[in-house]
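**Q** Structure in structure tokens, see below.
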Amino acid sequence: MSQLNDIPIFALNFYLTAPYPCSYLPEARARSQVASPAYLISAQVYSELVHHGFRRSGTYTYRPRCDDCKACVPLRVPVDRFSPNRSQRRAWKQHANLEATPHALQDKPEYYELYRRYQLSRHPNGGMDTDDRESYQNFLLQSHVDSLLVEFREGEILRMVSVIDLLSDGLSSVYTFYDPDLPKARLGVYNVLWQIELCRKLELDFVYLGYWIKESSKMAYKTSFRPAQGLVQGAWHILEEET
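Structure below.
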């Protein structure tokens, strides 16, 4: 597969955005490097971009390129080396009654209703809690790569939805939202474990979990899936000594 420096043969351009408020660190300013045009980013090219720290939001493919900060670390889990800890095994057993059904990207009113409840409960004033239906669709239901949407139901009740990209070497977890009102539920942990198991069944190597920021408590769960690997100075390293 091509290296990132060879990607211009696919007619991609890379540009920096203007600074904008950071979503994770108060008072920080962020910038992104964006790959363009979006319609030329095939599944194969996107796999290579993810390997170099990019992610997507809808059809927007980017990676952090902040002027004075390198807090965002791309993170992945090597599935052949992962072994769940006691807490994760409890979460897996706790939600074993959920039925997962994969679909092509699609929309249903109950998806958006669950998304709104999740944002208002878990991420109030985070920006996404004000998403209208169109913003939600552009974020999660638009893709130029190989993507799927997975419903998790308890009987007839929708409990969780996850959007996942299929890569050449693994799965990229785009976004997951779930019922925020279940007492003592650990749906987010269960979802990552489910993706790891799916990755094993597909005989792929990694589950990419997006960015991890050491100073962000909301992201602390990502490094609990050990041995987590982070992309640091252009190479993937085990993060255990840094967490």
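Using the numbering used here, you'd call the opening residue of the sequence shown number 1179 and step up by one each time.
Beta carbons: idealized from backbone N, C-alpha and C, even for Gly.
Please read these numbers as outputs of a predicted model, since none were measured by experiment.
1) Thinking C-alpha only, which one of Ile1416, Glu1226, Val1251 and Asp1347 is nearest Thr1239?
2) Considering only residues of the segment 1352-1420, which uninterrupted alpha helix (DSSP H) runs meet the minimum length of 4 residues and lie entirely inside it, listed in chain order?
3) Could you have a look at Ala1249 and say whether DSSP puts it in helix, strand or coil?
4) Could you compute how far the alpha carbon of Asp1121 sits from the alpha carbon of Arg1233?
5) Do Leu1203 and the ligand ZN come close, with the Cβ less than 6 angstroms from some heavy atom?
6) Assuming contact is defined by CB atoms lying nearer than 7 angstroms, are Tyr1389 and Cys1250 in contact in what I supplied?
7) Could you pull the DSSP bridge partners for Gln1211 from this structure?
8) Tell me whether Phe1330 sits in a helix, a strand or coil according to DSSP, three-state version.
9) So which of Ala1213, Ala1208, Lys1286 and Val1223 has the shortest CA-CA distance to Leu1344?
10) Near Leu1382, what residues of its chain come up, given a Cβ to Cβ distance below 8 angstroms and the 5 sequence neighbours on each side ignored?
11) Quickly, what does DSSP pair Ile1342 with across the bridge? List them, please.
12) Rounded to a whole number of angstroms, what is the C-alpha to C-alpha distance between Asn1259 and Pro1405?
13) Under the three-state reduction of DSSP, which class applies to Arg1264: helix, strand or coil?
14) Put Leu1318 into one of helix, strand or coil per three-state DSSP.
15) From what residue to what residue does the alpha helix (DSSP H) around Ser1235 run?
16) Can you tell me where the alpha helix (DSSP H) with His1230 in it begins and where it stops?
17) I'd like to confirm the pairing. Which residues does DSSP put opposite Val1255 in its beta bridges?
18) Which residue's Cα is closest to the Cα of Leu1409: Val1255, Gln1266 and Leu1203?
19) On the CB-based measure, 16 or more other CB atoms within 10 Å of its CB, does Pro1376 come out buried or exposed?
20) Cα-Cα, which of Ile1219, His1229 and Met1397 is closest to Asn1191?
21) Helix, strand or coil: which one does DSSP assign to Ala1221?
22) According to DSSP, simplified to helix, strand and coil, what is Ala1269?
**A** Checking against the coordinates, here is how it stands:
1) Glu1226
2) Here the runs fully enclosed are 1365-1379.
3) Of the three classes helix, strand and coil, the one that applies to Ala1249 here is coil, per DSSP.
4) This structure cannot settle anything about residue 1121, because the visible part of the chain is limited to 1179 through 1421.
5) Looking for the ligand ZN in the displayed structure turns up nothing, as the structure carries no ligands at all.
6) Yes, the Cβ-Cβ distance between Tyr1389 and Cys1250 is below 7 angstroms.
7) Leu1194 and Arg1241
8) strand
9) Scanning Ala1213, Ala1208, Lys1286 and Val1223 for the CA closest to the CA of Leu1344 turns up Val1223.
10) Val1257, Leu1345, Asp1347, Gly1348 and Leu1349
11) Answer by DSSP bridge pairing, in chain order: Leu1326 and Ser1351.
12) According to the sequence provided, residue 1259 is Arg. The question's Asn does not apply to it. Cα to Cα, Arg1259 sits roughly 7 angstroms from Pro1405.
13) helix
14) helix
15) Element bounds for Ser1235: not the alpha helix (DSSP H) but the beta strand (DSSP E), Arg1233 to Ser1235.
16) No alpha helix (DSSP H) holds His1230; DSSP gives it neither H nor E.
17) For Val1255, which the question treats as bridged, DSSP gives the partners Val1385.
18) Closest in C-alpha terms to Leu1409, from the list Val1255, Gln1266 and Leu1203, comes Val1255.
19) The question names Pro, yet the displayed sequence has Leu at residue 1376. Result: buried.
20) Ile1219
21) helix
22) helix
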